[in-house]
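Numbered per my numbering, the sequence shown spans residues 47 to 204.
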Amino acid sequence: VYDYLLTFEHEVNLVWNAPWGVMNLTYILARYVPFIMIGMIDRVASDVSATRCKSLFLLTTCSLTLLPEAVLTIRTWAVCGRRRWLGIVLLFYYIGNWVAVVVATSGFLDSMEFVLQKPLRPVLHGCLITSARSNLLVIDWALLFVFDAGMPIFVYVQ
47 VYDYLLTFEH
57 EVNLVWNAPW
67 GVMNLTYILA
77 RYVPFIMIGM
87 IDRVASDVSA
97 TRCKSLFLLT
107 TCSLTLLPEA
117 VLTIRTWAVC
127 GRRRWLGIVL
137 LFYYIGNWVA
147 VVVATSGFLD
157 SMEFVLQKPL
167 RPVLHGCLIT
177 SARSNLLVID
187 WALLFVFDAG
197 MPIFVYVQ
C-alpha cells in the first residue's frame, strides 16, 4: 500500500492521463486486481467446497503473477526499441514460461487439502490449506525467477 501511495501521482500522470491502450489496461489490472482477488476470496470462499477453493487459488495465483509478468515483458520490449523480431521472441518466452507455471501450479493445487471452515467461523474466513506438496510451489517460483532474470539479459543483448 505504501508503494501505491508513493507512486500514485506518477501513475495518474503517466497511465491514467495517457492515451488508452493494451499497456494501460494491463498495468491497471496488474496493479489493482490483487485487492479485488483478496476481497473476493474472503467473501466468496467462506462456505465452499475444496474444488472451489482450488479454483479460487488458481485464479488468484495466475492473476497475481500473469499480469505483472505481462507488464514486465511489454516494458522490456519497449526498452529494446519495439523491434518486431524481439516482440515475437518475448511473446514465445512469455507463453512458454506460463505454460510451465500453469502446469506446476495445477499440480500444486491438486495436492492441496483444505478444511471447511464452518466450525471455525467467525474466527477464520476463506479456504484454510492443511497440506500441499511444496516442492511444486518451489518449481513455480524458480520458473518465475528464471523468467524475470531473463528480461535484463534481453535488454543487455539487444
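Every residue gets a Cβ at the ideal spot worked out from N, C-alpha and C, and that includes glycine.
What you are looking at is a predicted structure, and each value in this text was computed from that prediction instead of being measured.
Proximity of residue i and residue j at Cβ, strictly below 9 Å
i	j	result
G153	L182	yes
S157	A178	yes
M69	L118	no
I21	A150	It is not possible to answer for residue 21, since the shown part of the chain is limited to 47 through 204.
S101	L75	no
L190	V148	no
T53	A116	no
Per DSSP, cross-strand counterpart(s) of residue i
i	result
V161	L174
Beta-carbon proximity list for residue i, same chain, < 8 Å, skipping 5 on both sides
i	result
L136	T119, T122, W123 and F200
G127	Q204
M83	L105, T106, S109 and L110
W144	L112 and E115
V220	Nothing in the structure corresponds to residue 220, since the chain is present only between 47 and 204.
Residues of its chain near residue i, where Cβ-Cβ distance is below 7 Å and the 5 sequence neighbours each way are ignored
i	result
L51	none
Distance, residue j Cα to residue i Cα
i	j	result
E55	A96	41 Å
V192	S180	19 Å
L160	P80	Residue identity differs from the one stated: residue 160 is Phe in this sequence, not Leu. Approximately 22 Å, taken between the alpha carbons.
R77	I134	25 Å
C99	C173	6 Å
P65	L155	39 Å
V125	N63	21 Å
L132	E57	27 Å
V47	A195	25 Å
G67	F138	22 Å
D49	F103	25 Å
Beta carbon proximity, residue i to chain D, threshold 9 Å
i	result
V161	Absent here is chain D; the protein component of the structure consists of one chain.
6 Å Cβ shell around residue i - same chain, five flanking residues per side excluded
i	result
Y140	T119
R129	none
N59	none
Runs of alpha helix (DSSP H) lying entirely within the stretch 69-132, each at least 4 residues, in chain order: Within the stretch 69-132, the runs of alpha helix (DSSP H) that reach at least 4 residues and sit entirely inside it are, in chain order, 96-125.
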